[in-house]
Amino acid sequence: MKFSRTLLFVNRFYAPDYFAATSRLLTDLASSLAAAGYDVQVITSRLRYDTTLEPLPQRQQMDGVTVQRVWTTRFGRHALFGRAIDYLTFHLAAFWRLLWLAKAGDLVVVMTDPPLLSLSVWPIIAWRGCHLVIWNQDLFPETAAALLPFPVGSRWLLTVLRHLRNLSWRRARYSVVLGQGMAARLQAEGVAAERVRIIPNWEDGRSIRPQARSENPLLEEWPLAGRFVVGYVGNLGRAHELETLLAAAERLADRPDICFLFVGGGAGLNRLRLWQRQHPQAHLLIQPYQSRARLLSVLGVADVHWFSLLPALEGLIVPSKLYGIAAAGRATLFIGDPQGEIPALLRAGNCGASFAVGDVEAVAEQLRHWADNPALCQQMGKAARQWFMQYQDQSIALQAWQQLIQEMMAEIDGHA
Numbered sequence: 001m002k003f004s005r006t007l008l009f010v011n012r013f014y015a016p017d018y019f020a021a022t023s024r025l026l027t028d029l030a031s032s033l034a035a036a037g038y039d040v041q042v043i044t045s046r047l048r049y050d051t052t053l054e055p056l057p058q059r060q061q062m063d064g065v066t067v068q069r070v071w072t073t074r075f076g077r078h079a080l081f082g083r084a085i086d087y088l089t090f091h092l093a094a095f096w097r098l099l100w101l102a103k104a105g106d107l108v109v110v111m112t113d114p115p116l117l118s119l120s121v122w123p124i125i126a127w128r129g130c131h132l133v134i135w136n137q138d139l140f141p142e143t144a145a146a147l148l149p150f151p152v153g154s155r156w157l158l159t160v161l162r163h164l165r166n167l168s169w170r171r172a173r174y175s176v177v178l179g180q181g182m183a184a185r186l187q188a189e190g191v192a193a194e195r196v197r198i199i200p201n202w203e204d205g206r207s208i209r210p211q212a213r214s215e216n217p218l219l220e221e222w223p224l225a226g227r228f229v230v231g232y233v234g235n236l237g238r239a240h241e242l243e244t245l246l247a248a249a250e251r252l253a254d255r256p257d258i259c260f261l262f263v264g265g266g267a268g269l270n271r272l273r274l275w276q277r278q279h280p281q282a283h284l285l286i287q288p289y290q291s292r293a294r295l296l297s298v299l300g301v302a303d304v305h306w307f308s309l310l311p312a313l314e315g316l317i318v319p320s321k322l323y324g325i326a327a328a329g330r331a332t333l334f335i336g337d338p339q340g341e342i343p344a345l346l347r348a349g350n351c352g353a354s355f356a357v358g359d360v361e362a363v364a365e366q367l368r369h370w371a372d373n374p375a376l377c378q379q380m381g382k383a384a385r386q387w388f389m390q391y392q393d394q395s396i397a398l399q400a401w402q403q404l405i406q407e408m409m410a411e412i413d414g415h416a
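The C-terminal position of the sequence shown is numbered 416 in the working numbering, with every residue numbered one higher than the one before it.
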């Protein structure tokens with residue numbers, strides 16, 4: 001079936017980049033919609049998440065999706081000022097490209113990388129007669145206000161940005177959020193409940209699946225054979241709380257059979273390396289980002305995975321690491337607000353444990369208990385996989401997106 005309206009997506013990253021979570025998600029969604037018969041175009045940058053080198057082609061056809069890549073600066077993620085310039089140039093370049101591509105009746109879906117994209121595209125939406133969907137991966141400027149030391153005199157700017165952002169939310173046909181906490185935040189800012197749709201992020205349960213550790217080549221390569229592995233895979237950013245886990249690792253230095261494995265990068269990597277130098281007796285192994293082809297083995301080499309979220313960010317961000325961990329059939333240890341969204345999911349799936357920030361002894365004791373009783377971790381891992389396949393698999397989320405788009409088209413056609 002072919003549809004008359006074009007679906008235009010705007011995000012800073014897209015395939016072949018796979019290190020950026022938004023790139024993987026958007027690539028999955030855009031490809032599935034193209035396969036369903038939609039005319040799908042993506043406006044993105046020429047950058048890869050993991051490097052500023054080798055810019056990608058300006059235009060490509062990928063799995064039925066027309067990919068339009070715009071020029072931006074390439075300062076990278078390591079300095080806030082440089083990142084801000086990269087954001088600004090993408091805003092400007094995406095605005096001009098969308099101005100040329102958008103037609104009356106098109107559906108424009110903007111993500112939140114870079115932040116506040118909905119503000120840049122709104123004049124085009126209004127002028128061209130398009131329909132806006134905002135796909136919120138986090139809520140800005142609240143996240144920035146919680147993480148960065150803004151001078152007191154600059155708070156007025158955050159207030160202005162929040163009011164403008166709220167206006168774009170209210171004018172959008174739909175705002176998609178990742179969980180109940182984010183939905184409540186939007187409704188508190190005046191967005192009608194019927195215009196907020198909860199569609200969690202996902203992982204592909206076909207490519208990420210349980211793997212017997214005995215079959216994992218990384219056990220010998222890294223080497224981890226015979227050890228209980230506590231893993232972390234991905235970006236360790238400013239939103240994550242690291243000190244509780246490191247303090248627990250220090251207390252477990254007398255357990256050489258328990259190894260802490262970090263695979264990835266991010267703002268917290270330097271802190272992690274400094275701690276490793278200061279605590280040579282601790283059992284910490286750091287590895288760089290791995291290729292997509294190795295992700296199954298990377299997730300499967302750990303007995304349990306941990307991740308965290310600063311309590312101040314509850315409702316502003318919903319960590320998506322849980323879905324890959326659960327798809328791989330592994331248990332989760334979460335550090336953050338015990339009453340938050342992730343602990344509720346872990347309780348529902350009976351697939352992990354949650355601890356408050358600073359509860360070091362409890363975290364260490366839980367890891368000791370799991371290491372001494374690995375069958376408990378295996379049982380939680382099986383429960384995690386069952387929960388994932390029932391509620392969080394890629395196919396479920398993509399079907400929810402297709403249903404939302406069909407509803408929007410029916411609404412638009414009904415008012416035409």
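C-beta atoms are modelled at their ideal positions from N, C-alpha and C, and glycine is treated no differently.
- Per DSSP, the continuous beta strand (DSSP E) segment holding C259 begins and ends at 258 to 265.
- N373 is classed as exposed because its beta carbon has fewer than 16 other beta carbons within 10 Å across all chains shown.
- Between the beta-carbon of V304 and that of C377 there is about 5 Å, and that keeps the pair under the 8 Å contact cut.
- If you check the CB distance, S175 and L186 come in under 8 Å.
- Cβ contact annotation for V229 (same chain, cutoff 7 Å, sequence separation greater than five): C259, L261, V301, A302, D303, in chain order.
- Going by C-alpha positions, E361 is about 31 Å away from Q211.
- Between the alpha carbons of V65 and I124 lies a distance of about 22 Å.
- Put simply, the backbone Cα of A327 is about 25 Å away from that of D113.
- Of the candidates L252, R292, L309, the residue whose Cα lies closest to the Cα of Q281 is L252.
- Between R173 and M408 a beta carbon distance of about 6 Å is seen, short of the 8 Å cut, so the two are scored as contacting.
- Counting other Cβ atoms within 10 Å of its Cβ, W156 stays below 16 and is therefore classed as exposed.
- The C-alpha of D86 is placed about 32 Å away from the C-alpha of E341.
- Under a 10 Å Cβ-count criterion, S154 is classified as exposed, with fewer than 16 other Cβ atoms of the shown protein chains found around its own Cβ.
- According to the DSSP assignment, D28 belongs to the alpha helix (DSSP H) that extends over 21 to 35.
- Residue pairing from DSSP leaves S118 without any beta-bridge partner.
- Of the other Cβ atoms in all chains shown, 16 or more fall within 10 Å of the Cβ of H240; this residue is therefore buried.
- Per DSSP, the unbroken alpha helix (DSSP H) holding W169 starts and ends at 155 to 171.
- With 16 or more neighbouring CB atoms inside 10 Å of its own CB, V121 falls in the buried class.
- With contacts defined by Cβ atoms closer than 8 Å, L246 and S297 do not form a contacting pair.
- For L29, the CB contacts under 7 Å within the same chain, skipping 5 residues up- and downstream, are L398, W401 in chain order.
- With fewer than 16 other CB atoms across the displayed protein chains lying within 10 angstroms of its CB, K103 is exposed.
- When DSSP states are grouped into helix, strand and coil, G324 belongs to the helix group.
- A192 and V70 have their C-alpha atoms spaced approximately 34 Å apart.
- It is roughly 11 Å from the alpha-carbon of W222 to the alpha-carbon of V263.
- For P311, the CB contacts under 7 Å within the same chain, skipping 5 residues up- and downstream, are G336, D337, V357 in chain order.
- With the rule of 3 Cβ pairs closer than 8 Å, the stretch 312 to 332 counts as touching the stretch 379 to 399.
- For T73, the CB contacts under 7 Å within the same chain, skipping 5 residues up- and downstream, are I85, D86, T89 in chain order.
- Per DSSP, reduced to three states, the secondary structure at S45 is strand.
- Separation of A183 and E314 (C-alpha to C-alpha, rounded to the nearest whole angstrom) is 12 Å.
- Listed as beta-bridge partners of D138 by DSSP are I317.
- Looking at the DSSP output, W306 bridges to L333.
- Straight-line measurement puts the Cα of Q394 at about 13 Å from the Cα of R209.
- In this structure, W135 and V109 form a Cβ contact; the two beta carbons are roughly 6 Å apart against a cut-off of 8 Å.
- DSSP places A375 in the helix class (H, G or I) of the three-state scheme.
- Secondary structure remark: continuous alpha helix (DSSP H) runs of at least 4 residues inside the stretch 267 to 296, in chain order: 269 to 278.
- The beta carbon of Q390 sits closer than 6 Å to none of the beta carbons in its chain outside the five residues before and after it.
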